[in-house]
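Using my numbering, you'd call the opening residue of the sequence shown number 38 and step up by one each time.
We put the beta carbon where it would ideally sit given N, CA and C, even for glycine.
Bear in mind the structure is a predicted one, so any value in this text is a computation, not a measurement.
First the structure, in the form of structure tokens, and then the observations on it.
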Amino acid sequence: MAGLLRHWHFCQSHHASSFAPWHVGNGAAGFLRHDLAQSLVAEKLFHATEKKLFLAHATGDLSDNTKLLKNAAHHVQQKFFPQQQFYRELYDIKPAWDAPARALLDRTAMPWFGAPAWGLHVNGFVRRDRDIFLWIGERSPHLVVDPLKLDHLFAGGQPTGLTLQENLRKEGQEEANLPPLLVDQAKLIKTIHYKRDVPSGLRNDHLFVYDLEMPEHVTPENTDGEVSRFTLMPAQDVLSIIRTTDRFKFNCALVIIDFCLRHGLLRHDDDEYDELVKVFGEKLDCKNAL
38 MAGLLRHWHF CQSHHASSFA PWHVGNGAAG FLRHDLAQSL VAEKLFHATE
88 KKLFLAHATG DLSDNTKLLK NAAHHVQQKF FPQQQFYREL YDIKPAWDAP
138 ARALLDRTAM PWFGAPAWGL HVNGFVRRDR DIFLWIGERS PHLVVDPLKL
188 DHLFAGGQPT GLTLQENLRK EGQEEANLPP LLVDQAKLIK TIHYKRDVPS
238 GLRNDHLFVY DLEMPEHVTP ENTDGEVSRF TLMPAQDVLS IIRTTDRFKF
288 NCALVIIDFC LRHGLLRHDD DEYDELVKVF GEKLDCKNAL
């Protein structure tokens with residue numbers, strides 16, 4: 038099946054009726070699959086009212102809530118996902134980007150609890166006269182998630198304790214060996230949000246989209262083992278791959294389609310153009326993640 042919109046629909050495949058919202062205190066925190074919710078309530082790790090679920094014994098203390106949620110996550114892992122290992126990187130549990138964290142949770146468990154997760158994706162591009170080229174990475178065959186898929190110049194989830202700019206520098210160095218002075222030139226364009234039901238729960242992701250114009254003489258090189266190689270490709274060739282195959286990591290396809298729209302690489306007479314403009318037209322907005 039060819040086309041670009043199919044990638045958007047793939048990411049936006051969520052059935053709200055299969056999930057129940059849960060809270061830390063009075064604050065919304067995410068969405069739990071019903072079987073997970075029932076098990077957590079039975080173990081008294083969560084408690085339920087007629088319409089809402091709550092982390093049991095939650096307080097106003099971040100450390101206390103983190104310990105409580107960690108116990109809940111270990112129960113879910115042991116009963117439902119014993120094959121999944123914890124990543125040992127903590128993410129904030131919060132309803133919006135600028136809200137304070139109510140608890141911290143291991144990255145692996147974020148989909149189990151349907152919690153909003155933030156990350157950054159960087160389009161690295163080179164201009165040659167009127168043509169635009171994109172730096173494309175090929176993911177390592179040893180990765181657990183999407184091995185050998187095509188990817189951006191660099192991308193990464195947003196861990197607790199780092200500012201967005203600090204994380205941008207970290208990922209730029211680890212994944213592409215780029216110096217901070219170059220990475221700092223990346224322009225924050227917008228966010229892309231999707232909810233996708235997955236076997237482990239709900240991917241409730243918010244992607245900060247950046248454009249970074251790369252000097253002709255700079256060649257990225259991976260330092261953390263996540264990328265096998267980088268290739269500088271004509272943007273139109275990249276778009277053709279996305280249109281006709283599933284070689285790209287699923288959320289990278291969204292970010293690159295958006296890049297091509299913004300840079301005039303999609304023709305107005307494309308059958309999908311008007312609908313693509315409609316779905317990718319949202320502005321930078323992280324106020325209401327839930």
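Can you tell me whether residue i is buried or exposed? The criterion is at least 16 other CB atoms within 10 Å of its CB, across all chains shown.
i, result
"T228", "buried"
"N288", "buried"
"T200", "exposed"
"K315", "exposed"
"N63", "exposed"
"G262", "exposed"
"A53", "exposed"
"P153", "buried"
"K131", "buried"
"P257", "buried"
"D129", "buried"
"D308", "exposed"
"G198", "exposed"
"G301", "exposed"
"H243", "buried"
"L125", "Residue identity check: residue 125 is Arg in the sequence provided, not Leu. Exposed: under 16 other Cβ atoms inside 10 Å."
"G161", "buried"
"K88", "exposed"
"F123", "exposed"
Span of the alpha helix (DSSP H) holding residue i?
i, result
"Y310", "Y310 to V316"
"W45", "L42 to C48"
"L205", "L201 to A213"
"D72", "H71 to A79"
Indicate whether residue i and residue j have their beta-carbon atoms separated by less than 9 Å.
i, j, result
"L90", "W59", "yes"
"D221", "Q195", "no"
"H189", "I169", "no"
"A146", "Q114", "yes"
"F118", "S237", "yes"
"L171", "F296", "yes"
"A68", "A85", "One detail in the question is off: residue 68 reads as Phe in this sequence, not Ala. Not a contact, by the Cβ cut-off of 9 Å."
"V159", "L205", "yes"
"T260", "E211", "yes"
"A66", "R139", "yes"
"V235", "P148", "yes"
"L55", "R233", "Here residue 55 is Ser; the residue named in the question, Leu, does not match the sequence. Contact flag unset, no."
Quick check on DSSP: helix, strand or coil for residue i?
i, result
"D221", "coil"
"N259", "coil"
"R299", "helix"
"F118", "coil"
"A53", "helix"
"G64", "strand"
"R176", "strand"
"R233", "strand"
"A95", "coil"
"L185", "coil"
"A39", "coil"
Which residue comes first and which comes last in the beta strand (DSSP E) that contains residue i?
i, result
"N160", "P153 to R165"
"Y124", "First-last for Y124: undefined, no H or E at that position."
"L82", "No beta strand (DSSP E) holds L82; DSSP gives it neither H nor E."
"G198", "Neither: G198 is in no beta strand (DSSP E) and is coded neither H nor E."
"L142", "A140 to D143"
Please specify which runs of the alpha helix (DSSP H), each continuous and at least 4 residues long, are wholly inside the stretch 235-282, giving them in chain order. 272-281
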